[in-house]
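Participant: Just so we're aligned: the sequence shown equals residues 161 to 299 in the working numbering.
Beta carbons: idealized from backbone N, C-alpha and C, even for Gly.
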Amino acid sequence: MADVRAPQRKRTNAGPGRLLIAVYLLFAIAATSRAGLQIATRFDEAPLAYLLSALAAAIYIVAAVGLARAGHAGRRVALACCTVELVGVLGVGAFSLARPDLFPDETVWSEFGSGYGYIPLVLPVLGLLWLWRTRTDPA
161 MADVRAPQRK RTNAGPGRLL IAVYLLFAIA ATSRAGLQIA TRFDEAPLAY
211 LLSALAAAIY IVAAVGLARA GHAGRRVALA CCTVELVGVL GVGAFSLARP
261 DLFPDETVWS EFGSGYGYIP LVLPVLGLLW LWRTRTDPA
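1) Sort R259, S213, E245 by Cα distance to L286 and report the nearest one.
2) Let me know the secondary structure DSSP gives T172 once reduced to three states.
3) If you compare alpha carbons, which of L239, A223, T172 is closest to A188?
4) Is the closest heavy atom of the ligand SAH to the C-beta of Q198 under 7 Å?
5) Which term fits F203, buried or exposed, when burial requires 16 or more other beta carbons within 10 angstroms of its beta carbon?
6) Could you check whether L281 and L227 sit closer than 8 Å to each other, using their CB atoms as the reference points?
7) Note down, one range per segment and in chain order, each alpha helix (DSSP H) of at least 4 residues found wholly within the region 199–266.
8) Locate the alpha helix (DSSP H) running through V285, then write down its first and last residues.
9) Confirm, please, whether the CB-CB distance from L185 to C242 is below 8 Å.
10) Suppose you measure from the CA of L215 to the CA of G275; what does that come to, to the nearest Å?
11) On the CB-based measure, 16 or more other CB atoms within 10 Å of its CB, does P284 come out buried or exposed?
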């Protein structure tokens, strides 16, 4: 008799997912600290850049929580965050190169995350790949 159980979803918070969550948490701490200090002390110098860094920090936090929860809702949250993050780093990266006058100070995503070793560019791609890899098995 054939096995007719529902397909099992792999957990996003197991195996390499733990490392991914740790990197997201590290970037959440770094971006939150940097944006918080910049907003508190020099907001008038580059408000757009500092607010974009704060947005990146919030996305990193929510993505980490979504990946860590590992349920259906967590996967959807992580998928949304990784997608917004990828669009953000590509958009802000391109815009910061095209209009550097609007970015007198760096953001986490400016120049495609060059100030952070391009990890902000790679991280959402890895997140999306991990979500795809841990999707429901088609069998």
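Facilitator: On the basis of the coordinates in this document:
1) E245
2) coil
3) In terms of Cα proximity to A188, the closest of L239, A223, T172 is A223.
4) In the structure shown, the ligand SAH is absent, as is every other ligand, since no ligand is present at all.
5) exposed
6) no
7) Listed in chain order, they are 207–229, 232–258.
8) 279–293
9) no
10) L215 and G275 have their alpha carbons spaced roughly 17 Å apart.
11) buried
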